[in-house]
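Visitor:
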Amino acid sequence: MVITTTTKTINYSITKGQAVNSVTATVTSTPGCNSTYLTRLPGILKLIELLLALAAVILLATLREQSREVIRSADYYQYSYVSHPWLTYLHEHFLVGEAAFIAAQTVALFVLLILLISYLSSTTSAMIVPKTTNLEKTANIVLAVVLLIAGVQEVVLAVLWRYDEAERTIMEVGPFGVRVAAGALSLLNGLLFVVSAVLSAKELAGPKTL
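Going from the sequence shown to the working numbering is simple: count from 1 and add 1.
Written as structure tokens, this is what we have:
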């Protein structure tokens with residue numbers, strides 16, 4: 002299979018007031034995967050953000066605990082768990098608020114996957130108009146706020162549940178460190194989304210002067 006890359010040079014003019022500027026743009030089209038996006042700063046940021054969100058989810062998922070609670074029926078004592086397993090069901094245990102943390106990271110993962118797939122499947126690596134959209138800029142802003150809040154919440158939860166009122170340890174060093182690390186990754190990711198939002202806004206605004 003031969004992949005053909007087509008390069009076109011376009012000359013156009015931009016008029017602003019009395020000034021007319023001539024611009025030459027080179028448009029390169031390549032069928033298939035557009036890996037060029039990953040060599041630009043926005044693409045690199047999106048890839049890092051995806052990995053950070055995935056790492057945060059995996060870290061917190063390692064702390065998942067399950068327990069089995071018995072559902073007592075009128076004739077419960079006439080049966081045993083082994084012969085009647087449907088009398089019980091599994092519970093998933095996280096700290097209060099950690100489900101929201103996982104949900105925030107999951108939303109970020111889905112949004113990032115959609116953006117990456119849409120850019121990588123684009124056949125145009127360079128265009129006259131910005132590739133960034135208002136939707137992407139808004140998504141960057143919203144995800145920045147959500148991930149920063151989720152990160153602060155996770156770190157605060159870890160600190161609050163580290164000791165009880167009598168200063169006795171109720172959370173071991175391992176789980177405490179994992180929760181703090183997950184929160185820190187979320188905070189870092191939130192800051193990266195702030196950078197992505199700024200880059201999106203600048204790209205949409207275009208050059209300040211012509």
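All C-beta atoms in this analysis are idealised placements derived from N, C-alpha and C, irrespective of residue type, glycine included.
Keep in mind it's a predicted model, so treat the numbers as computed, not measured.
Who are the Cβ neighbours of asparagine 141 in its own chain at under 7 Å, not counting the five residues just before and after it?
Guide: Locating residue 141 in the sequence shown gives position 140, counting from the first residue. For asparagine 141, where only same-chain residues beyond five positions count, the Cβ hits under 7 Å are Phe194, Ser197, Ala198, Ser201.
Visitor: Assuming isoleucine 150 is part of the alpha helix (DSSP H), what are its boundary residues?
Guide: Residue numbering aside, residue 150 sits at position 149 when the sequence shown is read from its first letter. Looking at the DSSP string, the run of the alpha helix (DSSP H) that includes isoleucine 150 is 135-161.
Visitor: On the three-state DSSP scale, how would you describe threonine 170?
Guide: On the sequence shown, residue 170 is found 169 positions in, with the first residue counted as 1. It is a strand residue.
Visitor: Check for me: the alpha helix (DSSP H) holding valine 108 runs from which residue to which?
Guide: Working through the sequence shown from its first residue, we reach residue 108 at position 107. Residues 99-121.
Visitor: If I measure Cβ to Cβ from alanine 56 and keep anything under 6 Å in the same chain, skipping five residues before and after, which residues do I get?
Guide: Along the sequence shown, one-based indexing puts residue 56 at 55. Excluding sequence neighbours, alanine 56 sits near Leu186.
Visitor: Quick one, which of Ala104, Leu42, Thr40 has its alpha-carbon nearest leucine 144's?
Guide: Position 143 of the sequence shown, counted from the start, is the residue given in the question as residue 144. Comparing Cα-Cα distances from leucine 144 to each of Ala104, Leu42, Thr40, the minimum goes to Ala104.
Visitor: Rounded to whole angstroms, what's the CA-CA distance from glutamate 166 to valine 160? Just pull it up for me.
Guide: The residue labelled residue 166 in the question sits at position 165 within the sequence shown. The residue labelled residue 160 in the question sits at position 159 within the sequence shown. Answer to the nearest angstrom: the Cα atoms are 12 Å apart.
Visitor: Return the chain-ordered list of same chain residues with a C-beta closer than 7 Å to the C-beta of leucine 1, the five sequence neighbours on each side being excluded.
Guide: No information on residue 1 is available, as it lies outside the stretch 2 to 211 that the chain covers here.
Visitor: One question on the structure: do leucine 96 and leucine 158 come within less than 8 Å of each other, judged by their Cβ atoms?
Guide: Counted from its first residue, the sequence shown places residue 96 at position 95. Counted from its first residue, the sequence shown places residue 158 at position 157. Yes, these two residues count as a Cβ contact at 8 Å.
Visitor: Give every residue of the same chain whose Cβ lies closer than 7 Å to the Cβ of glycine 98, excluding the five residues on either side of it in the sequence, and list them in chain order.
Guide: The sequence position of residue 98 within the sequence shown is 97, counting from 1. Cβ neighbours of glycine 98 beyond the five flanking positions: Gln154, Leu158.
Visitor: Would valine 174 be called buried (16 or more neighbouring beta carbons within 10 Å of its own) or exposed?
Guide: As a working mapping, residue 174 is identified with position 173 in the sequence shown. By the 10 Å Cβ count, valine 174 comes out exposed.
Visitor: CA-CA distance, glutamate 204 and threonine 139?
Guide: Start at 1 with the first residue of the sequence shown, and residue 204 comes out as number 203. Start at 1 with the first residue of the sequence shown, and residue 139 comes out as number 138. C-alpha separation (whole angstroms): 13 Å.
Visitor: Going by DSSP, what residue range makes up the alpha helix (DSSP H) through leucine 48?
Guide: On the sequence shown, position 47 is the one that residue 48 refers to. Taken as a continuous stretch (DSSP letters only), the alpha helix (DSSP H) holding leucine 48 covers 42-62.
Visitor: For glutamate 168, count the other beta carbons within 10 Å of its own beta carbon; 16 or more makes it buried, fewer makes it exposed. Which is it?
Guide: On the sequence shown, residue 168 is found 167 positions in, with the first residue counted as 1. Classification for glutamate 168: exposed.
Visitor: Tell me which same chain residues have a C-beta within less than 8 Å of the C-beta of isoleucine 45, skipping the five on either side of it?
Guide: Within the sequence shown, the letter at position 44 stands for residue 45. Leu39, listed in sequence order.
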